[in-house]
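One line per chain: the protein sequences are A and B, in this order.
Going by the numbering used here, the residue at position 34 of the first sequence is 501; the numbering climbs one at a time, nothing skipped.
Going by the numbering used here, the residue at position 221 of the second sequence is 224; the numbering climbs one at a time, nothing skipped.
By construction, the Cβ of each residue, glycine as well, lies at the ideal position given by its N, Cα and C atoms.
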Amino acid sequence: MAILEVEHISKSFDRTEVLKDISFSMEKGQALSLIGSSGSGKTTLLRCLNFLEQPDGGIIRVNGETLFDGADSFSRSEAVIRKKRLHFGLVFQSFNLFPQYTALGNVMLAKELLARERPDYKAKKKEIHGEIEAQAVELLTQMGLKDRMKNYPHQLSGGQCQRVAIARALALNPDILCFDEPTSALDPELTGEVLRVMRELAERNMTMVIVTHEMAFARDVSDQVIFMDEGQILEQGPPEQVFGDPKEERTRRFLARYTEE
Amino acid sequence: MELIMEQMPIVLRALNVGFLQTLKLFFVTLVGALPLGLVIAFGSMSRFKPLSFLTKVIVWIIRGTPLMIQLLIVYYFPGLVLKNNIWGGGESGRFLAAAIGFIINYACYFSEIYRGGIQSIPAGQDEAGMVLGMTKSQIFFRVKLLQMVKRIVPPVSNEIITLVKDTSLARIIALQEIIWAGQAFMKGSQGISGAIWPLFFTAFYYLVWNGLVTVLLGRLEKKLDYFR
C-alpha cells in the first residue's frame with residue numbers, strides 16, 4: 468500500500484493558480500524528488516503536505532488514512548491539525564532553528580513538549596527526559612555533530628545548522644520527511660555535507676520528499692522524480708527516465724540548463 | 004551655606020519619605036504595565052477586527068494625550084462628574100488613582116514595543132514550531148517570547164528611564180512623592196520656608212536611581228547575549 472497518496476490537489480493565492488490538479492503517490496522507503504523552476508509550485512505542494520497551507524481541493528492520504536479532503540468540511544481545530552502534521556517532518560531552506568536553544572535543545576524541545584501529554588509523564592518524568600536526551604544525542608551523532616551539541620545555532624556553520632534541523636525533524640519519527648530546498652542557502656562547500664546526510668537517510672530507507680535544485684543528487688538518490696511546471700506535474704517517473712529520456716520538450720529545456728554548466 | 008547645612012537633615016528626611024512614594028509608584032507601574040502591555044499587544048494584533056480596532060483606538064487616545072491630563076481625569080472624574088469620589092480623600096486614594104493612570108498609560112506604550120518585537124520575529128520560527136507539532140501557546144512561550152524580550156530590551160529601557168522621571172507628574176493630584184516633598188519647603192514646612200534648593204536637590208535622587216536602572220538593564224541585555 469502506498470504510504471502517501473495525493474489526489475487532485477489544487478491551490479490558488481488570490482487569483483493565481485499555484486497548484487493545478489496534482490496527483491501522485493509513493494511507497495514506504497522511497498525518496499521522491501520534486502524538481503522544476505522557481506515558482507512552479509514545488510514548495511507550495513510541500514507546504515500543503517505539512518498543513519502550512521491549506522489546499523482548495525483534493526485529497527491527502529497517509530497510510531490509507533485521509534488527512535485532508537477538500538470535499539469534506541473537515542475539522543480545522545488546532546489540536547486536530549497538530550496531530551496530522553506529525554505524520555510529516557519538514558526541513559526548511561533557511562533552517563529555522565530556535566536561536567536560544569543549543570543544538571541538543573533544538574532536537575529535544577518538541578519531543579519534550581509532546582511527552583507532557585502522556586498520562587504517565589508526571590510519574591516517569593526523569594526517565595522520559597533521559598530517553599529523549601539519549602535519542603537526541605544519538606541523532607546528532609549520526610549527523611556528525613557529536614562535539615557540537617552544546618553549541619548555539621549562531622556558533623554553527625550553515626551546513627551544521629541544517630544537519631541539526633534534520634535531526635530535529637527526525638526526533639519526532641515522522642512517516643515522511645520533507646525537504647524544502649535544504650541546500651539552497653548554503654555555500655557549495657557546505658552543500659556536500661548536508662547531501663551526504665540525506666543520502667544516508669535514503670539508504671536507510673527513510674521515506675522522503677525532496678524539493679531540490681541539485682539535479683545530480685536527485686538523479687542518484689531518488690526512486691521517483693516529479694518535474695513541475697506552472698503548477699502542474701509535467702512529467703514523473705524513475706530518475707533514469709526523467710533525466711535520461713524526458714518526454715516533454717519543457718523538461719528537456721529545463722534540464723539542459725543544468726547540464727550546460 | 005551654613006543655613007543649608009542646618010536644614011539638610013530635615014530636608015533629606017522629608018525627601019527620603021517622598022522618594023519612597025516615588026519608588027512605590029515606579030514599581031507598581033512596572034508590575035502592572037509590563038504584563039498588561041502584552042495583553043494589549045495581543046489585542047491590537049488580533050484577527051478579530053472589532054477587538055483590534057478598539058484596542059488601537061484606546062492606544063491612540065492614551066498615547067495622544069498628556070499623561071498629566073489622564074491623571075487629572077482618573078482622579079477627579081468620579082468625584083466631579085459621577086458625584087462619587089471613589090478614591091476617598093487620603094494619600095492612599097491618590098496613590099491608587101495615580102497607579103491606575105500610570106499603568107494604563109505605560110501599558111499602551113509597552114504594547115506597541117511588544118508588537119514590534121513580536122512582528123519582527125521571522126515567520127519561519129512559527130512554521131518550525133508548527134511542523135514540530137507545538138501548540139500556538141508553546142510556540143509563543145517556548146520559542147518566541149525570549150527572542151522578543153531580547154529585541155525589546157533597549158526600547159523598554161528607554162521607557163523605564165522615562166517612567167522614573169514621569170512619576171513626578173503624580174504631583175498634579177498632590178501625591179506626596181519627592182517633588183511634592185521638595186516643594187513643601189518653599190511654602191513652608193517643619194520650620195523651613197522659602198527654600199528652593201530642596202526642589203533642585205530632588206534631581207539627584209532621579210539621577211542616582213536612573214543610573215542604577217541603566218546598569219541593571221545593561222546587565223539584562225548582556226545576559227541575553229548568548230544567542231542571536
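Opposing strand residues paired with residue i [DSSP bridges]
i: B/Val211; result: Bridge partners of B/Val211: none, in fact.
i: A/Met695; result: A/Ile700
i: A/Gly524; result: A/Ser477
i: B/Ala44; result: DSSP, once it has assigned bridges, lists no residue as partnering B/Ala44.
i: A/Ile677; result: A/Ser500, A/Phe646
i: A/Asp536; result: A/Ile526
i: A/Met493; result: A/Leu471
i: A/Glu484; result: A/Ser479
Where residue i falls: helix, strand or coil (DSSP)
i: B/Arg222; result: helix
i: A/Leu644; result: strand
i: B/Gly82; result: helix
i: A/His475; result: strand
i: A/Glu444; result: In the structure as shown, chain A begins at 468 and stops at 728. Residue 444 of chain A is therefore absent and cannot be evaluated.
i: A/Leu557; result: strand
i: A/Phe565; result: coil
i: B/Gln192; result: Before going further, note that residue 192 of chain B is Ser rather than Gln in the sequence given. Residue state, collapsed to three classes: strand.
i: A/Glu715; result: coil
i: B/Phe22; result: helix
i: B/Ile163; result: helix
i: A/Phe721; result: helix
i: A/Asp654; result: coil
i: B/Ser114; result: helix
i: B/Trp90; result: coil
i: B/Gln179; result: coil
i: A/Lys591; result: coil
i: A/Arg671; result: coil
i: B/Lys147; result: helix
i: A/Met682; result: helix
i: A/Ala636; result: helix
Beta-carbon proximity check, residue i vs residue j, cutoff 7 Å
i: A/Ile633; j: A/Val558; result: yes
i: A/Asp523; j: A/Lys478; result: yes
i: A/Val664; j: A/Thr650; result: no
i: A/Ile502; j: A/Ile489; result: no
i: A/Leu580; j: B/Met151; result: no
i: A/Leu571; j: A/Ala601; result: no
i: A/Gly496; j: A/Asn672; result: yes
i: A/Leu499; j: A/Val676; result: yes
i: A/His688; j: A/Val709; result: One point to set straight first is that residue 688 of chain A is Val, not His, in the sequence displayed. Result no, Cβ atoms of A/Val688 and A/Val709 do not sit closer than 7 Å.
i: B/Ser114; j: B/Arg154; result: no
i: A/Glu474; j: A/Gly525; result: yes
i: B/Glu162; j: B/Tyr112; result: yes
i: A/Arg635; j: A/Leu612; result: no
i: B/Ile195; j: B/Phe204; result: no
i: A/Phe513; j: A/Val678; result: Here residue 513 of chain A is Leu; the residue named in the question, Phe, does not match the sequence. Cβ distance < 7 Å, so A/Leu513 and A/Val678 count as in contact.
i: A/Met695; j: A/Lys509; result: yes
i: A/Glu648; j: A/Gln560; result: yes
Residue i: contacting residues in chain A (beta-carbon distance under 9 Å)
i: B/Thr138; result: Glu545, Ala546, Arg549, Leu580
i: B/Val146; result: Phe565, Gln567, Tyr568, Leu576
i: B/Glu130; result: Arg514, Asn517, Leu519, Leu557, Phe559, Asn563
Closer than 7 Å at the beta carbon, the chain B residues around residue i
i: A/Ala577; result: Leu135, Gly136, Met137
i: A/Leu553; result: Gly136
i: A/Asn517; result: Val134
Listed by chain order, chain A residues near residue i by CB distance under 7 Å
i: B/Arg231; result: Pro566, His621
i: B/Gly127; result: Phe559, Ser561, Asn563
i: B/Gln141; result: Leu580
Cross-chain neighbours of residue i in chain B, by beta carbon under 9 Å
i: A/Gly556; result: Val134, Leu135
Under 8 Å by beta carbon: chain A residues contacting residue i
i: B/Leu202; result: Going along chain A, no residue has its Cβ under 8 Å from B/Leu202, so there is no contact; the nearest lies around 47 Å.
i: B/Val156; result: The contacting residues do not exist; B/Val156 stays about 14 Å from chain A at best.
i: B/Ala101; result: Neighbours of B/Ala101 on chain A: none; closest Cβ ~37 Å, over 8 Å.
i: B/Gln150; result: Pro566, Gln567
Whole-number beta carbon distance between residue j and residue i, since they are thought to touch under 8 Å
i: B/Ile199; j: B/Gly21; result: 16 Å between Cβ atoms; not a contact.
i: B/Met133; j: A/Leu637; result: The Cβ separation is near 17 Å, so there is no contact.
i: B/Ile106; j: B/Gly46; result: Wrong, their Cβ atoms sit about 16 Å apart, outside the cutoff.
i: A/Pro620; j: A/Leu553; result: A/Pro620 to A/Leu553, Cβ: 23 Å. No contact.
Cross-chain neighbours of residue i in chain B, by beta carbon under 8 Å
i: A/Leu639; result: Leu135, Gly136
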